[in-house]
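Asks: Respectively, the protein sequence lines represent chains A, B and C.
For what it's worth, full-length UniProt numbering labels the leading residue of the first sequence as 1, then goes sequentially.
For what it's worth, full-length UniProt numbering labels the leading residue of the second sequence as 1, then goes sequentially.
For what it's worth, full-length UniProt numbering labels the leading residue of the third sequence as 1, then goes sequentially.
My questions will all concern the structure given below.
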Amino acid sequence: MATFKFSGPAKRLRIFVGEGHKYKNMPLYHALVLKAKELDMAGATVTKGIEGFGGHSRIVTSRIVDISSDLPVVVEIVDSVEYIEKYLQEIDGMIKEGLITLDDVEIIKYSSLEGERLKRIKKENQSEPDKK
Amino acid sequence: MATFKFSGPAKRLRIFVGEGHKYKNMPLYHALVLKAKELDMAGATVTKGIEGFGGHSRIVTSRIVDISSDLPVVVEIVDSVEYIEKYLQEIDGMIKEGLITLDDVEIIKYSSLEGERLKRIKKENQSEPDKK
Amino acid sequence: MATFKFSGPAKRLRIFVGEGHKYKNMPLYHALVLKAKELDMAGATVTKGIEGFGGHSRIVTSRIVDISSDLPVVVEIVDSVEYIEKYLQEIDGMIKEGLITLDDVEIIKYSSLEGERLKRIKKENQSEPDKK
């Protein structure tokens, strides 16, 4: 199985919400992943924290069972500027309490796919120099 | 319940320590969260690793029970430059072994609060253009 | 026990692969940590996600037992540019499906060691201003 490799600039998005936050009867973090999939984003990774505080002022921790129901989760997505901006517009109404961070990264992507998604990213990266 | 949204520049702080590190008879990572709360920081998120190595040279992993007692934990805090700098001064004596990374991010914050904390961040972001 | 502190610029590497990915009969993420150790990198931290999608298009989640076998894992390494570049060359053949992000950070390192590793990093940071 051949592996394709390419690299270039990208945007990183990290979304901090509570594990217990809901959107239309499902966990909000799951709805955020589904939306990324629906928009054909390159990927998404959800990580769960063991302690934290945020919009709410209470500290929640997995060490104390009673108040561990709203532990922080982080949804991380790395994609092109265009896809990240479109995604941000789509999720704007979904989050009531939360923090999003955005920053620039360089990426190296290894993939065995030569499907539409890979072609898209390749094409974008190839045309990237023209935009600057 | 109304949701307020605002955006602007911020600093991201990630602190890597061992899960078993102590500060005054409590887990160090918890002491770092308490300090962030005490200083009225906007939030903190603690994530636990499943494997790693650092100041110590031994690799610890959750796959081997015997040496999993000092797995890495990461405390992530995103706030204004002023609050991050004050926080760094306060925790300077708390960490004996560990790594801190600092970098710039753009944030989008969703909140149902219009309390003092939100006013503080709004005010700072509004005055941000003046500083440049 | 004395604590040494130093700060300076560094590179952050985050490698996203599947928990179930293998390299020579061991988990790929573990092989990536071993390689970092072998090259005397300053540290590595592995975090496991609870949900995600990536090179593959299927969403995997820890909430559904059947398809949780390939949850995302992230290997994070922070070190000098030279060490990160050498590491990237070494792991180039190990990853078939995955994403690597690279970006610049400022670090503050606390250590009780005054071993070879600490001397290396101190020396690099001291010589850093000369390069600019």
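Cβ atoms here follow ideal geometry from the backbone N, Cα and C, with glycine treated the same way.
Remember, predicted model here, so these are calculated numbers, not experimental data.
1) For Glu128 (chain B) and chain A, any beta-carbon pair shorter than 8 Å?
2) Under the rule that 16 or more other beta-carbon atoms within 10 Å means buried, what is residue 134 (chain A), buried or exposed?
3) Rounded to a whole number of angstroms, what is the C-alpha to C-alpha distance between Gly54 (chain C) and Gly98 (chain C)?
4) Under three-state DSSP, which class holds Ile108 (chain B)?
5) Below 9 Å on C-beta distance, what does Ile15 (chain A) contact in chain C?
6) Below 8 Å on the Cβ atoms is my guess for Gly52 (chain A) versus Thr45 (chain B); work out the distance and round it to an integer in Å.
7) Thinking just about the alpha-carbon of each residue, which of A:Ile15, A:Ala42, A:Gly8 and A:Asp70 is nearest to the one in Ile50 (chain A)?
8) Taking just the CA atoms, how far does Ser62 (chain C) sit from Ile15 (chain A)?
9) Listing by chain order, which chain A residues have their CB less than 7 Å from the CB of Ala44 (chain B)?
10) Taking a cut of 7 Å between CB atoms, which residues from the segment 91 to 112 of chain B lie near chain C?
11) Is the segment 81 to 98 of chain B in contact with the segment 81 to 93 of chain C, if contact means three or more CB pairs nearer than 8 Å?
12) Quick one: grab the DSSP three-state call for Ala10 (chain A).
13) For chain A, check one thing: does any of its Cβ atoms lie closer than 8 Å to the Cβ of His21 (chain B)?
14) Does the ligand FMN have a heavy atom nearer than 7 Å to the CB of Asp40 (chain C)?
15) Compare the Cα-Cα distances from Leu88 (chain B) to each of C:Leu102, C:Tyr87, C:Val17 and C:Tyr110 and report the closest residue.
16) Take Phe4 (chain C) as the anchor and find which of B:Asp103, B:Lys96 and B:Thr101 has the nearest alpha-carbon.
17) What residues of chain B sit near Thr3 (chain A), judged by a beta carbon separation below 8 Å?
18) Quick one: residues in its chain with C-beta nearer than 6 Å to the C-beta of Arg12 (chain A), no 5 flanking neighbours on either side, listed in chain order?
19) Start and end of the beta strand (DSSP E) containing Arg24 (chain C)?
20) Do you know whose CA, among B:Ile100, B:Lys37 and B:Gly8, lies nearest Val17 (chain B)'s CA?
21) Flag Gly8 (chain B) as yes if its beta-carbon sits less than 8 Å from any beta-carbon of chain C, otherwise no.
22) Which residues in chain A sit within 7 Å of Gly49 (chain C), going by Cβ to Cβ distance?
23) With distances taken Cα to Cα, identify the nearest neighbour of Met41 (chain A) among C:Val73, C:Ile59 and C:Glu76.
24) Could you give the first and the last residue of the continuous beta strand (DSSP E) run that contains Lys48 (chain C)?
25) Going by DSSP in three states, Ile59 (chain C) sits in which element: helix, strand or coil?
26) With 8 Å set as the bound, which would you pick, yes or no: does the beta-carbon of Val81 (chain B) sit closer than that to a beta-carbon of chain A?
27) Would you please state the rounded distance, in angstroms, between the beta carbons of Lys48 (chain B) and Val73 (chain B)? I believe it to be under 8 Å.
28) Residues of chain A with CB closer than 7 Å to the CB of Lys11 (chain B), please, in chain order.
29) Taking 8 Å as the threshold (beta carbon to beta carbon), is Val60 (chain A) in contact with chain C?
30) Would Leu32 (chain A) pass as a contact of Val75 (chain A) if the rule is Cβ separation under 8 Å?
31) So what does DSSP say about Phe16 (chain A), is it helix, strand or coil?
32) Listed from N- to C-terminal order along the chain, which residues in the segment 32 to 43 of chain A have their beta-carbon within a distance smaller than 7 Å of any beta-carbon of chain B?
33) With H, G and I counted as helix, E and B as strand and the rest as coil, what does DSSP make of Asp79 (chain A)?
34) Between which two residues does the beta strand (DSSP E) containing Gly52 (chain B) stretch?
35) Which same chain residues, not among the five before or five after Tyr23 (chain A), have their C-beta less than 7 Å away from its C-beta?
36) Quick one: using the 10 Å Cβ neighbour count with 16 as the cut-off for buried, is Ala10 (chain A) buried or exposed?
Replies: This is what the structure holds:
1) Any reading at Glu128 (chain B) is ruled out, since the residue's pLDDT is 43, under 50, leaving its predicted position unreliable.
2) The structure shown does not extend to residue 134 (chain A), since chain A is modelled only from 1 through 132, so no value can be given for it.
3) 8 Å
4) strand
5) Residues of chain C whose Cβ lies closer than 9 Å to the Cβ of Ile15 (chain A) do not exist, since the nearest Cβ in that chain is about 13 Å away.
6) 4 Å between Cβ atoms; contact.
7) It is A:Asp70 whose Cα lies nearest to the Cα of Ile50 (chain A).
8) 19 Å
9) Gly52 and Phe53
10) For the segment 91 to 112 of chain B, the set of residues with a beta-carbon nearer than 7 Å to any beta-carbon of chain C comprises Ile95, Lys96, Glu97, Gly98, Leu99, Ile100, Thr101, Leu102 and Asp103, in chain order.
11) As far as the Cβ criterion goes, the segment 81 to 98 of chain B does not touch the segment 81 to 93 of chain C, which means the pair count is below three.
12) It is a strand residue.
13) Chain A, which has no Cβ nearer than 8 Å to the Cβ of His21 (chain B), makes this no.
14) Although the ligand FMN was asked about, the structure shown includes no ligands whatsoever.
15) C:Tyr110
16) B:Lys96
17) Per Cβ cutoff of 8 Å: no residues; Thr3 (chain A) is ~24 Å from chain B at best.
18) Val78, Asp103 and Val105
19) For the record, residue 24 (chain C) in the displayed sequence is Lys; it is not Arg. Per DSSP, Lys24 (chain C) is not a residue of any beta strand (DSSP E), being assigned neither H nor E.
20) B:Ile100
21) no
22) Thr45, Val46 and Thr47
23) C:Ile59
24) Ala44 to Lys48
25) coil
26) By this cut-off, Val81 (chain B) is not an interface position.
27) 5 Å
28) None at all; the shortest Cβ gap to chain A is about 10 Å.
29) no
30) Judged by beta-carbon spacing, Val75 (chain A) lies within the 8 Å limit of Leu32 (chain A), meaning their Cβ atoms are closer than that value.
31) strand
32) none
33) strand
34) Glu51 to Phe53
35) Ala31 and Met94
36) buried
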